[in-house]
Every structure is written in C-alpha cells, then in structure tokens.
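Encoded as structure tokens, the structure appears first; notes follow it.
In my numbering, the protein residues as written are 432 to 706.
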C-alpha cells in the first residue's frame, strides 16, 4: 500500500509540472500583445488576444491556460479584468474555469450555421454549401458492411471512393463512398467533380434517386483519423451512414462520413400527433 500511495503522489507531481510547463509556453504565445485603454474595454481586448490562437488552432482543447495572476502580470491589468475576460470566453464555451486552478481550453458548441436537417435529398445537398471535396483514391475494396447493404457475397468487392471534405481549406470530414459493381464499374475518378457525390453519379449514369436512409452515431478519432482531420486523437466524431436508394428502392451508394463533432450538428423537428 505505501508504494502505491507514493506512485500516485509522484504522478500528481509530474502532471502538475507538465501543466506549469504548458502554461509557461502559453505565456510566450500570448506575449507581445498589450491591451490599450484607448481601444475599448481592457477585458474585451484580453479575451480577443486569448481567443486568437484558439481560432488559429495553436491553442487546442485541453490546453491549460496560465494562472490568472500570471495573465494579469503579462497584460499589466488587475485580476478582476482578467477574470472578466475569462468569463467572456467561458460564456462562448471556449474555456472552463476551475476553482483554485487555471482555466482549461474547451471546444465551443457548434455554431447555429453548422447544424443541418437531413430530412430530404435537398437538405443533404444544402449541408455541403461552401465546402470542397479532396479526392484521395477510387479503387476496388472489400467491406463487410457494403457487402451486406448491396447483397454481395463475402468475396465480392465494391468500388470505393475516399475523400476529405474541406471548409475554408480545413479538413472537417473523412468520407468513404461504396458503390456496387453494377454502378462503380462505370465510374472513374475524374467523374467525381462535385462536392455532392451522388449528384455526380446521377449526372454521369442517369440514375434517379428515391431517397436515402440515414443513421448517426458517435465515435472518437483514432490515430489515423486524427491525422486526416487535423484533430486530437480521442476527439469526438459524429459518424453518419447514408444508404442511397434508386427509384426502384435498390441501394446504389453507401456513404460513411466521419465528421469532426466541433464542425457538425444535426437538427430534428418533432411535431405533435394530430388531434
């Protein structure tokens, strides 16, 4: 038992040292920007200075901010002014204040403009507005889920397109598209010239769609996905499966999207029953 207690105390000490080192590094990141009373409320300027590296991705969720006293010394202001600035960032969901401890950087909730309702094909198209697609590859693959959806055998392959969805040149989703052989064999990589992939399929093959079945679940980013989406390993991911059906009800496309949860949310409307 004594050895266990010692190990725990050592772990806490090391964790505290890491936090101090990180906070010290952040002081250097924030240095060089001084608030000016002539430019408006000091607390708002300080909030802007701290927010800037968050928006630029240099100050990531989980980072520990310097102590309030250190921030006050850095900016030459009172503790009250620093606390006012941190409260503003906390109200935005960008930091979480802790009792007797430095604040922690958090991920703000998705902006209202990032929320979508997938109740029609038109709404799916609308969700891609202002976004771009970066094609990674298009080739034959074997996927147990795609074989199940398309009614294929265990040894059968599908045609698979992999792509990154970009917003302002930032990766926000890793998308995988599967097509049954009867569809995929007639498509080439250069055919995917539209951010809405099923629209490319319609245009090149003349397939008419009846609709799509959508399933959503939560995941966390593994090492490979974190690399593709430029996010932290273990970051929340909103995964989405969409099965597109042709006019006869046959599945012609299976899409699996893995979206950064800080960039996407879904909106549903529930109406009361008549009467």
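Backbone N, C-alpha and C fix where the C-beta goes; we use that ideal spot for every residue, glycine too.
Report, in whole angstroms, the separation of the C-beta atoms of residue 420 and residue 629, which I expect to be a contact under 8 Å.
Outside the shown range of the chain, which is 432 to 706, sits residue 420, and nothing can be said about it.
From residue 573 to residue 513, what distance separates their C-alpha atoms?
56 Å
Who are the Cβ neighbours of residue 588 in its own chain at under 8 Å, not counting the five residues just before and after it?
571, 572, 573 and 612
In this structure, how does DSSP classify residue 600 when only helix, strand and coil are distinguished?
coil
Which residue wins for smallest C-alpha separation from residue 695, given the options 668, 678, 672 and 687?
668
Given 8 Å, three or more beta-carbon pairs between the segment 475-492 and the segment 506-525
yes
Cross-strand partners of residue 593 (DSSP beta bridge)
568 and 607
Please state whether DSSP places residue 651 in a helix, a strand or coil.
strand
Below 8 Å on the Cβ atoms is my contact criterion, and I expect residue 664 with residue 657 to pass it. Report the Cβ-Cβ distance as a whole number of Å.
4 Å
Would DSSP call residue 452 helix, strand or coil?
In this prediction, residue 452 has a pLDDT of 49, which is less than 50 and means its spatial position is unreliable; what the coordinates show is noted afterwards. In the structure shown, residue 452 sits in a helix (DSSP, three-state: H, G or I).
Going straight from the alpha carbon of residue 662 to that of residue 670, what length do you get?
15 Å
Own chain, CB closer than 8 Å to residue 601, minus 5 neighbours either side, in chain order:
661
N-terminal and C-terminal residue of the beta strand (DSSP E) that residue 685 is part of
682-691
With 16 other CB atoms within 10 Å as the buried threshold, where does residue 534 fall?
buried
When burial is assigned at 16 or more other CB atoms within 10 Å of the CB, is residue 511 buried or exposed?
exposed
Take residue 593 and list the residues in its own chain whose beta-carbon comes closer than 6 Å to its own, dropping the five residues that flank it on each side.
567, 568 and 607
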